[in-house]
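Trainee:
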Amino acid sequence: NAGVTQTPKFQVLKTGQSMTLQCAQDMNHNSMYWYRQDPGMGLRLIYYSASEGTTDKGEVPNGYNVSRLNKREFSLRLESAAPSQTSVYFCASSEGVSSAQHFGDGTRLSIL
Amino acid sequence: GENVEQHPSTLSVQEGDSAVIKCTYSDSASNYFPWYKQELGKGPQLIIDIRSNVGEKKDQRIAVTLNKTAKHFSLHITETQPEDSAVYFCAASINFNKFYFGSGTKLNVKP
């Protein structure tokens, strides 16, 4: 079982460049999430999509945009990357109400 | 929004001993509390969860307790093994819409 697949696994960008992080799940889940993980801070929610066709802001949405392309795919875009966005990004999915989240293995993003 | 605090940040135990990690939350409306284990280079993996209508839940060597009045919940690992070494995160959620995570506990089990 693939579960939640994130691409790429690693990326280095220069300040001001743009990039899209991809996430796909094969569990037919309704809800999908994007988090960032910084040292000593746990995971913080950037955006989430409760169901296909809807997206909502989380705790730290500034500087990011998302697209729920279809039920399987949820992408995260950095339009103009900043060093403060250096982090590990995790995508997760869940069936929806009353169900736990399943995480991918992350994208490690460095912005110089 | 919800605020989740987790203690300790690091925990070192001898193999076979028990480990306890504690979390507190601020929003009394939170009703779902999962615990995740994260190994190096991997995403968090759910190990146990509890809902607000239950005070305790156990799964083999792992148990979680919830005190709604005090707004805290704890993870208990008994008979620890070296493979339990990882970073553990607690989280709180209101109706599964958003999840708020603690800052993590790095558990080291010494053989």
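Sequence order for the protein chains is D and U.
Note that this note's numbering has the first sequence beginning at 117, numbered continuously upward.
Note that this note's numbering has the second sequence beginning at 8, numbered continuously upward.
Glycine included, C-beta positions come from ideal geometry on N, C-alpha and C.
Residues of the stretch 56-83 of chain U with a CB closer than 7 Å to any CB of chain D: list them in chain order, please.
Mentor: Flagged, chain order: Asp56.
Trainee: D/His218 and D/Gly132 look like a contact to me (Cβ under 8 Å); what is the Cβ gap, rounded to whole Å?
Mentor: Locating residue 218 of chain D in the first sequence gives position 102, where the first residue counts as 1. Locating residue 132 of chain D in the first sequence gives position 16, where the first residue counts as 1. So it is not a contact: roughly 34 Å between Cβ atoms.
Trainee: Cβ closer than 8 Å: which chain U residues qualify as neighbours of D/Asp221?
Mentor: If you number the first sequence from 1, residue 221 of chain D lands on position 105. Those are Gly48, Lys49 and Gly50, listed as they occur along chain U.
Trainee: With distances taken Cα to Cα, identify the nearest neighbour of D/Ser215 among U/Arg58, U/Asn10 and U/Glu9.
Mentor: Mapped onto the first sequence, residue 215 of chain D falls at position 99. Residue U/Arg58 is the option with its Cα nearest to D/Ser215.
Trainee: Counting pairs of beta carbons, one from the stretch 27-42 of chain U and one from the stretch 71-89 of chain U, are three or more of them closer than 8 Å?
Mentor: Yes, since at least three Cβ pairs between the stretch 27-42 of chain U and the stretch 71-89 of chain U fall closer than 8 Å, the two stretches touch.
Trainee: So, at 8 Å on beta carbons, what are the nonlocal neighbours of U/Ser16 in its own chain, with the 5 sequence-adjacent residues on each side left out?
Mentor: Counted from its first residue, the second sequence places residue 16 of chain U at position 9. Cβ neighbours of U/Ser16 beyond the five flanking positions: Ser110, Gly111, Thr112 and Lys113.
Trainee: Per DSSP, U/Val71 is paired with what?
Mentor: For the purposes of this step, residue 71 of chain U is taken as residue 64 along the second sequence, with counting starting at 1. Paired residues: U/Lys64 and U/Leu82.
Trainee: Please determine, among U/Ser35, U/Lys49 and U/Gly23, the residue with the shortest C-alpha to C-alpha distance to U/Thr76.
Mentor: Stepping through the second sequence from its first residue, residue 76 of chain U is reached at position 69. The shortest C-alpha separation from U/Thr76 is found at U/Ser35.
Trainee: With DSSP as the reference, please indicate the residues paired to U/Arg58 in a beta bridge.
Mentor: Reading the second sequence from its first residue, position 51 is the one you call residue 58 of chain U. Per DSSP, U/Tyr39.
Trainee: What does a CB cutoff of less than 7 Å around U/Phe103 pick up in its chain, not counting 5 residues either side in sequence?
Mentor: Taking the second sequence and counting its residues from 1, the one referred to as residue 103 of chain U is at position 96. Same-chain partners within the cutoff: Tyr39.
Trainee: Would D/Leu228 and D/Ser203 qualify as a contact pair, given that the criterion is a beta-carbon distance under 8 Å?
Mentor: If you number the first sequence from 1, residue 228 of chain D lands on position 112. If you number the first sequence from 1, residue 203 of chain D lands on position 87. No; because the gap between Cβ atoms is not below 8 Å, this pair is not in contact.
Trainee: Can the beta-carbon of D/Gln138 be found less than 8 Å from the beta-carbon of D/Gln127?
Mentor: Along the first sequence, one-based indexing puts residue 138 of chain D at 22. Along the first sequence, one-based indexing puts residue 127 of chain D at 11. Against a cut-off of 8 Å, the Cβ pair of D/Gln127 and D/Gln138 comes out as no contact.
Trainee: Answer with yes or no whether the minimum CB distance from D/Phe126 to chain U is below 8 Å.
Mentor: Here residue 126 of chain D refers to the residue found at position 10 when the first sequence is read from its first residue. No, its Cβ sits nowhere closer than 8 Å to a Cβ of chain U.
Trainee: Just the C-alpha distance for D/Ser165 and U/Ala93, rounded to the nearest angstrom, thanks.
Mentor: What you label residue 165 of chain D is simply residue 49 of the first sequence in a count that begins at 1. What you label residue 93 of chain U is simply residue 86 of the second sequence in a count that begins at 1. Their Cα atoms are separated by approximately 29 Å.
Trainee: Using a Cβ cut-off of 8 Å (strictly closer), state whether U/Ser110 contacts chain D.
Mentor: Residue numbering aside, residue 110 of chain U sits at position 103 when the second sequence is read from its first letter. Cβ-Cβ to chain D under 8 Å: yes for U/Ser110.
Trainee: Classify U/Pro118: buried if its beta carbon has 16 or more other beta carbons within 10 angstroms, exposed otherwise.
Mentor: The sequence position of residue 118 of chain U within the second sequence is 111, counting from 1. Per the 10 Å Cβ criterion, exposed.
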